[in-house]
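J.: Let me begin by handing over the structure; questions about it come next.
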Amino acid sequence: MIEASAPAKVILVGEHAVVYGQPAIAVPIASLRASATAEPGAPGQGLKIVAADLNQTLPLNVDAGLVDHALLKTARLVSETHRRPLPDLTITLRSQIPMASGLGSGAAVSAALARALSAALGEPLELERLNALVYEVEKMHHGTPSGIDNTVVVYDQPIFYVRGQPIERLTIAAPFTLLIGDTGQSALTRIAVGDVRALVEREPERYLPVLSQIGALVREARAAVERGDAATLGERMTQNHALLQTLAVSSPELDRLVHAALDAGVLGAKLSGGGRGGNMIALVVPETVARMRQALERAGAVHVFETTVQ
Ligand code: MEV
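Sequence positions in the sequence shown follow my numbering and run 91 to 400.
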């Protein structure tokens with residue numbers, strides 16, 4: 091039996107602007123993962139994908155050309171990359187990552203599936219090829235992905251990311267703790283990204299400077315992370331949230347969680363990912379985690395996850 095996994099992610103700073111060439115920082119959530127186990131199947135069964143948590147079972151013959159589905163597309167791309175037909179295999183997918191909530195669930199499930207499948211074919215994909223493959227699948231979720239989600243999920247490490255440039259691993263001078271508050275409202279990144287594009291195209295003189303301001307905050311946040319300055323990182327996160335509000339990608343629920351966290355005394359808070367729902371993040375002093383978690387739950391968070399970035 092072969093087992094593979096990939097983590098969830100959060101964007102620490104810089105979402106949306108990263109689509110337009112600005113930098114962004116993303117970190118994996120090691121404790122929240124998608125996993126895939128591959129077992130030999132009955133002769134002639136083809137590839138069967140059982141995605142219990144995702145409410146899907148796909149007994150499928152990938153060679154039959156059914157490609158309009160992220161899991162199918164992933165399997166087909168692995169097969170093409172290896173120039174091999176898919177073996178008789180049952181792959182079971184499990185995911186602890188809430189879907190459509192800005193935590194990279196789609197990229198993580200694809201990465202885990204591609205890892206298990208390529209390992210079962212006897213040629214595990216190396217990171218660069220796996221990343222390119224998951225990027226192709228991400229394009230199904232929205233047409234113009236920056237590539238940050240698949241990259242942080244595949245490389246499983248904190249990254250400073252600029253579209254089209256070599257991936258830079260972020261140096262974390264001092265570990266920091268994030269609480270991730272889920273509004274419970276699913277939101278499609280595609281819609282938010284499309285709406286931001288419409289704004290930028292309609293009024294570039296107004297919105298291009300907002301994207302540049304986000305880029306500047308990201309560079310300052312990076313410097314803060316690299317010198318272990320949590321207070322400055324928190325301020326830049328909160329400022330980033332205000333700029334994301336200007337881009338109209340927040341929501342009343344996200345704003346309520348962000349304000350509740352700030353009122354309770356976190357170092358900084360913002361929405362994370364595509365926005366309009368999904369998750370927000372708060373940078374917290376480790377000793378205050380229990381109190382901050384309560385504040386988020388009282389303000390309506392349906393799940394609160396904790397992660398330490400190091
Ligand atoms: C989504 O996690 C991040 C966005 O910037 C989209 C992207 O970078 O492709 C909103």
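Beta carbons: idealized from backbone N, C-alpha and C, even for Gly. Remember, predicted model here, so these are calculated numbers, not experimental data.
Can you round the beta-carbon distance between residue 304 and residue 333 to whole angstroms, since I take them to be within the 8 Å contact cut?
T.: Sure, about 5 Å apart at Cβ, within 8 Å.
J.: Looking at ligand 1, does it come within less than 7 Å of residue 254, judged from the CB to the closest heavy atom?
T.: No, the beta carbon of residue 254 sits no closer than 7 Å to any heavy atom of ligand 1.
J.: In this structure, how does DSSP classify residue 113 when only helix, strand and coil are distinguished?
T.: Three-state DSSP puts residue 113 in coil, outside helix and strand.
J.: Beta-carbon within less than 8 Å of residue 353's beta-carbon, same chain only, minus the 5 sequence neighbours each way: which residues are those?
T.: Cβ neighbours of residue 353 beyond the five flanking positions: 385.
J.: Please report the distance separating the alpha-carbon of residue 231 from that of residue 279.
T.: Answer to the nearest angstrom: the Cα atoms are 7 Å apart.
J.: Please work out which residues of its chain come closer than 8 Å, Cβ to Cβ, to residue 402, disregarding the five sequence neighbours upstream and downstream, and give them in chain order.
T.: In the structure displayed, the chain extends from 91 to 400; residue 402 sits before or after that span and is not available.
J.: Thinking residue 114 and residue 124 are a contact (beta carbons under 8 Å), I'd like their distance in whole angstroms, please.
T.: Actually they are not in contact, since the Cβ atoms of residue 114 and residue 124 sit about 22 Å apart, beyond 8 Å.
J.: To the nearest angstrom, report how far apart residue 319 and residue 297 are at their CA atoms.
T.: Cα to Cα, the separation comes out at about 29 Å.
J.: List in chain order the residues whose CB is within less than 6 Å of at least one heavy atom of ligand 1.
T.: Every residue passing the under-6 Å Cβ criterion appears here: 101, 105, 106, 108, 109, 192, 235, 236, 238, 239, 279, 283, 363, 364.
J.: Please tell me whether residue 98 and residue 194 are closer than 8 Å, where the distance is taken between their beta carbons.
T.: Yes, Cβ-Cβ distance for residue 98 and residue 194 is below 8 Å.
J.: Return helix, strand or coil for residue 277, following the three-state DSSP convention.
T.: Reduced to three states, the DSSP call for residue 277 is coil.
J.: Where does residue 130 fall in DSSP's three states?
T.: Residue state, collapsed to three classes: strand.
J.: In whole angstroms, what is the alpha-carbon distance linking residue 158 and residue 164?
T.: Low confidence applies to residue 158: its pLDDT is 48, below 50, so where it sits in the model is not reliable enough to give any reading.
J.: Please report the Cβ distance between residue 365 and residue 191, rounded to the nearest whole angstrom; I am assuming they are in contact, meaning their Cβ atoms lie under 8 Å.
T.: That belief does not hold up - the Cβ atoms of residue 365 and residue 191 are roughly 11 Å apart, past 8 Å.
J.: Just to confirm, does residue 309 get its C-beta within under 7 Å of one of the non-hydrogen atoms of ligand 3?
T.: Looking for ligand 3 in the displayed structure turns up nothing; the ligands present are ligand 1.
J.: Quick one: what does DSSP say residue 326 is sitting in, helix, strand or coil?
T.: Residue 326 falls in the helix class under three-state DSSP.
J.: Mind checking who residue 95 pairs with in its DSSP beta bridge?
T.: Partner(s): 125.
J.: What residue ranges within the segment 225-290 form continuous beta strand (DSSP E) runs of no fewer than 3 residues, ordered along the chain?
T.: Listed in chain order, they are 249-251, 266-272.
J.: Please return the same chain residues whose Cβ sits closer than 6 Å to the Cβ of residue 329, not counting the five positions on each side in sequence.
T.: 307.
J.: Within this structure, are the beta carbons of residue 177 and residue 210 separated by less than 8 Å?
T.: Yes, Cβ-Cβ distance for residue 177 and residue 210 is below 8 Å.
J.: Assign residue 375 to one of three DSSP states: helix, strand, or coil.
T.: Looking at residue 375 - three-state DSSP - the assignment turns out to be coil, as it is neither helix nor strand.
J.: In this structure, does DSSP put residue 197 in helix, strand or coil?
T.: Three-state DSSP puts residue 197 in a helix.
J.: Quick one: measure Cβ to Cβ for residue 269 and residue 396, integer angstroms, because I've assumed they're closer than 8 Å.
T.: Confirmed, about 6 Å.
J.: Would the segment 310-318 count as touching the segment 336-348 if we require 3 or more Cβ pairs under 8 Å?
T.: Short answer: they don't touch.
J.: Which residue comes first and which comes last in the alpha helix (DSSP H) that contains residue 305?
T.: That run of the alpha helix (DSSP H) goes 294-317.
J.: Give me the Cα-Cα distance between residue 134 and residue 237, rounded to the nearest whole angstrom.
T.: If you take the alpha carbons of residue 134 and residue 237, they lie about 36 Å apart.
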